[in-house]
Amino acid sequence: MMVKENKKRNVILTISLIFVVSGGAFFIGWLIGNDWQFSEKPKQFTPTIDGIIGKREWIRSSYFIPFYLDVDNSIDITEGKANVDGWNYMYVAEDETYYYVALDLCSDRTNNEEGEWIGFHLANRLPDASGTSLAFYSLEDYGYEYFFYNVSSEKVFDYFYDVGIGGTTYSDIPLFPETDSISVSRGDTNGNFYDFWIGNDNRNYTGTSNFYSVDGSWLSGDYLDLHFAVNISEKLPDEEISSFLSSITDLKLRYRLSSNLTSNPSGHYGIADEFYCSVYEHGGMPSDINDPSFDSNSNNIVFSANSIVTGGVDLDHNTINTTNGMFYFTIHCYNEENATDPTAYDLKIDKLSLRITSTQLIYAIVGNTIALGNYDIAYSYGPSENCGEDHRIFEFKMAKSEFPVLEDDMLYINVCGYGTMALVGSNYWLYPMYGYPGVPLYSALDEVNDFLPLDMSIT
């Protein structure tokens, strides 16, 4: 009797185990079939660029960004539908090779492709520029890319340069290591270009003086000489270099700096805690401290010790090398030897940039700066997890190789478009939207605040 009961118990346990195993397998299969994940923590992954935001396909994105659009609710006569005010969504993701962007435009309820376009602005480094489109165009192929796509014709926009005539000034034009260089003939330095890209960021490019004995025509004392070679032509729109170079009417070097000593170029002699600081122009050809004309064109800088000074030096734009676009200058500092007191100093450069005045007024540049094979785009019209009603969806990718490799893992993005959906009182939509922008096809981005900064190091 006991043996039969044990057998019966074993049979029941076996059957129960079969149900558990099979049920567990079914449950796991259900999870896989529904793309369920145990964690939604951002990580690198590779979405399919097909214009469809699959169920949970983008769940591990670096960023999921809702943005509200107040759009024109007029009925589109072709579709018989109206776009709606509401929340739209942007996903930003990455893998080892590409950045990915998905736009779930829940407000765009019409499928009328007539006149529809989409634009992407992407960068991995930007200066703190304000009111100056050239600051961004100067980084084309060096950290900033733009992509405009014509949905109605299913092709990338042809290059178009919209320009007006009239004097205008472009500030905050950055110096960067791919085209420009800094060399030190006397003194020591600490830092790199990015230490003087942005003002008030607690980062400085620092030069420290060294003592040198009598050398030729130069007296003994503490020296600091920073030689700059700047490629002006690489600061100009790529397809407009020749005409833009000839249109320059003024060139300035803008600075924000400080020192532990007072800069008094005309009266520092015999005063140990005052020194000489000046910008020496060399024009289109390099120079060095042994060149007789090294100090022939000086621009003195005056400031008090331990205080930050902001100012500018007027450079001679007529001496830009028209063959290669180069311009050379030196920040030259000197403090003569003192028998009783120390004369060493440091120079902290918080911001250094160019200011270019031109007769060419850039309204906008459209087209595509991304190399063929380094991008893909797809779109659809249908429902998504964020919205059950049919609406426009875009997916886009861009190769990271388009950008320079940097220590900071940042991505800056701006998206814009039109597809009968438009902001109230306009014929476009834009995100982020700063101030009172014009139509993106005819009004270039000119503020760093036009971009959404994203720290991609979270993945």
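Under this note's numbering, think of the first position of the sequence shown as 22, with each following residue one higher. Quick reminder that beta carbons are idealized off the backbone N, C-alpha and C, glycines included.
DSSP state of residue i mapped onto helix, strand, coil
i	result
TYR226	strand
SER206	strand
SER325	coil
MET477	helix
LEU52	Low per-residue confidence applies at LEU52: pLDDT is 34, beneath 50, and the placement is therefore not dependable, though the value from the model is reported in the following sentence. Three-state result, LEU52: helix.
GLY45	Low confidence applies to GLY45: its pLDDT is 43, below 50, so where it sits in the model is not reliable enough to give any reading.
PHE197	coil
TYR215	helix
ASN339	helix
VAL172	coil
PHE59	Interpretation of PHE59 is limited by its pLDDT of 38, a score under 50 that renders its predicted location unreliable; the figure taken from the coordinates is listed afterwards. PHE59: coil per DSSP, three-state reduction.
ASN311	coil
ILE80	coil
ILE370	strand
LEU462	coil
GLU221	It should be pointed out that residue 221 corresponds to Asn in this sequence rather than to Glu. Note: ASN221 maps to coil in three-state DSSP.
GLY242	strand
GLU100	coil
SER95	coil
ASP236	strand
TYR167	strand
ASN320	strand
Distance, residue j Cα to residue i Cα
i	j	result
LEU257	TYR233	40 Å
GLY187	THR153	15 Å
ASP209	LEU247	9 Å
SER128	TYR84	20 Å
ASN171	PHE66	28 Å
TRP57	VAL113	For TRP57, the predicted structure reports a pLDDT of 38, less than 50, and the residue's modelled location is therefore unreliable. A value from the coordinates is still provided. Their backbone Cα atoms lie some 20 Å apart in a straight line.
TYR158	TYR165	7 Å
TYR396	PRO474	21 Å
PHE197	GLY403	44 Å
PRO286	ASN356	10 Å
SER405	VAL426	35 Å
THR351	THR361	30 Å
PHE178	TYR167	11 Å
SER280	ILE370	9 Å
CYS298	THR283	9 Å
ARG376	LEU272	6 Å
LYS176	ASP222	41 Å
VAL445	ASN318	55 Å
VAL469	LEU155	12 Å
PHE424	LEU90	30 Å
LEU451	TYR433	14 Å
SER464	ASP193	19 Å
GLY332	ALA326	15 Å
MET306	VAL300	15 Å
TYR400	VAL122	12 Å
PRO68	ARG77	11 Å
ALA392	TYR163	13 Å
SER206	PHE296	18 Å
PRO313	TYR349	16 Å
PHE472	ASN94	27 Å
VAL330	TYR276	8 Å
ARG413	SER447	19 Å
Span of the alpha helix (DSSP H), counted from its first residue to its last, around residue i
i	result
SER263	262-268
Unbroken beta strand (DSSP E) run spanning residue i, endpoints
i	result
SER192	181-194
GLY332	330-336
ASN356	347-357
PRO87	84-90
ASN470	That residue, ASN470, is in no beta strand (DSSP E); it is neither H nor E in DSSP.
PHE232	231-233
> At which residue ranges does the segment 104-164 contain complete beta strand (DSSP E) runs of 3 or more residues, listed in the order of the chain?
Replying inline: 107-115, 119-126, 138-144
> Which residue spans inside the segment 372-454 form an unbroken beta strand (DSSP E) run of at least 3?
Replying inline: 396-403, 412-420, 431-439, 450-452
> What are the start and end residues of each continuous beta strand (DSSP E) run of 3 or more residues lying completely inside the segment 246-306, in chain order?
Replying inline: 269-280, 295-304
> Using 8 Å as the threshold, is the segment 405-425 in touch with the segment 459-469, meaning 3 or more CB pairs across them?
Replying inline: no
> Is it a yes or a no for the segment 209-223 touching the segment 177-191, going by three-plus beta-carbon pairs under 8 Å?
Replying inline: no
> Touching or not, the segment 379-395 and the segment 237-245, by the rule of three or more beta carbon pairs under 8 Å?
Replying inline: no
> Quick one: any contact between the segment 252-272 and the segment 333-352, if contact means 3 or more CB pairs under 8 Å?
Replying inline: yes
>> With three or more C-beta pairs closer than 8 Å as the rule, is the segment 436-451 touching the segment 127-142?
In response: yes
> Contact between the segment 74-90 and the segment 113-125: three or more CB pairs below 8 Å?
Replying inline: yes
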